[in-house]
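**Q** Counted the way my numbering counts, the sequence shown spans residues 3 to 282. Note that beta-carbon positions come from the ideal geometry of N, C-alpha and C, so glycine has one too. All figures in this text were calculated on a predicted structure; none of them were measured in a lab.
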Amino acid sequence: MANKIIEVQNIKVNITNMNDNDYICISDFTKFKDGKSASDDVIRNWLRNRITLEFLGTWESIYNPNFNSVEFDGFKGRSGLHTFTLSVTEWCEKTNAIGIYSKRGKYGGTYAHKDIAFEFASAISPVFKLYLIKEFQRLKELENQNREWDVKRILTKNNYLIHTNAIKNYILPDNDYYKDREWIKYAEEADILNVALFNTTAKRWRELNQELAKNSNVRDYATINELTVLSNLESHNAELIKEGKDKEERFEILGSIAKYQLDILNNAEKIKLLGEKDNI
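Quick look at the structure:
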């Protein structure tokens, strides 16, 4: 099957389909960062990062029943060492990974499942990631003009596991008393993101929208742009939690990120609409 191509900030990005899943060529992303053929080095440096390995390991554990968790633990244990290196080929051969792979020949490069590709895009540039998601969304809408494609499902799940994993490992105390009450901490962290992005807590939204709240929540009524930013906020908050930043400091940082990224997407939408009007 021939690749599909989208253009993200003047960079042509290849997309292929394997087993009914979209895989995006992350080697193409590195042209945005370096403008030259250093993609293997950029991807290797990203792979050797412990946070990257935790993300990949979590993804594979969920979607890949043949994932070799023993080999994964070995890689994770060596991550962070100056002598540690890891290639895509070695990762796949040792762990039986299916989320990322290298391809030779025409349309060659390193391809990653869309969930993983979006995560790698964050390492390249948060702004590049925003535009990548928008262009990917546009492609899927064109492909599915006769049937609904729920982009919201992808955006809401993309970084959710990394976010909750950070809460579990760095915030929740390891004792029996908190095991039955851990949902409280998850709700508190979710509301930090809600206020940073929507300027309201989940409880306050339910109070103001009692009829709607019977079968939904504030995130169900978010725009695609808002959910794109929310996906990024989950990833950012996970990193801030690991850095040990307190709740107040994280809220200030996340609020600034939310405003900045949402402005970018909303302005891009306005420019797109103006261009369509000019062509009428």
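Please name the residue, chosen from F57, I118, V129 and N201, that lies closest to I26 on a Cα-to-Cα basis.
**A** I118
**Q** Would you mind stating whether I45 and T32 have Cβ atoms separated by less than 9 Å?
**A** yes
**Q** Tell me the start and end of each unbroken alpha helix (DSSP H) in the stretch 51-90 that is at least 4 residues and wholly inside, in chain order.
**A** 52-65 and 71-80
**Q** Report yes if the C-beta distance between Q263 and P67 is below 9 Å; otherwise report no.
**A** no
**Q** Count the other CB atoms, across all protein chains shown, that sit within 10 Å of the CB of V231; report buried if there are 16 or more and exposed otherwise.
**A** buried
**Q** Which residue or residues does DSSP assign as beta-bridge partners of C94?
**A** C94 pairs with nothing; no bridge assigned.
**Q** By the three-class DSSP mapping on this structure, what secondary structure does E245 have?
**A** coil
**Q** Taking the alpha carbon of K108 as the reference point, which residue from N5, F200, H84 and N51 has its own alpha carbon closest?
**A** N5
**Q** Mind reading off the beta-carbon distance from L49 to L88? Whole number of angstroms is fine, and I expect it under 8 Å.
**A** 5 Å
**Q** Straight-line CA distance for I100 to L267?
**A** 32 Å
**Q** Quick test of your reading: F57 and E9, contact by CB under 8 Å. State the CB separation rounded to the nearest angstrom.
**A** That belief does not hold up - the Cβ atoms of F57 and E9 are roughly 26 Å apart, past 8 Å.
**Q** Does the beta-carbon distance from V197 to G110 come in below 9 Å?
**A** No, Cβ-Cβ distance for V197 and G110 is not below 9 Å.
**Q** Name the two residues that bound the continuous alpha helix (DSSP H) containing A123.
**A** K116 to I126
**Q** State the Cα-Cα distance for the pair G79 and R208, rounded to the nearest angstrom.
**A** 44 Å
**Q** Quick one: give me the first and last residue of the alpha helix (DSSP H) that S41 is part of.
**A** Per DSSP, S41 belongs to the alpha helix (DSSP H) from S41 to L49.
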